[in-house]
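If you read the sequence shown in our numbering, its first letter stands for residue 273, the second for the next number, and so on.
Contents: one structure, followed by commentary.
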Amino acid sequence: LERRLGREPGAARVTDELRALLLRPDLRPAGEAASDRQGMPVGPPLVALTVLWGAAVILLL
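Written out as structure tokens, the structure reads:
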């Protein structure tokens, strides 16, 4: 679908970016990103989802 729309596939773009970061260390960020630029942590929502899933399974048994 991405090729039909004329876009570069996401996997190819990510692969190119990772390869550039591995082979060209000078392209890496110089310092730590500020907390507002780091994105949302995945751990807490994942734990909540796991607990809800487990409770649903127990209640349905």
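By construction, the Cβ of each residue, glycine as well, lies at the ideal position given by its N, Cα and C atoms.
7 Å Cβ shell around Glu-304 - same chain, five flanking residues per side excluded: none
Beta carbon of Arg-300 nearer than 8 Å to that of Leu-290: no
Range of the contiguous alpha helix (DSSP H) that encloses Val-329: 315-332
Rounded C-alpha distance that separates Ala-284 from Arg-309: 24 Å
For Ile-330 and Pro-297, the rounded distance between their alpha carbons: 49 Å
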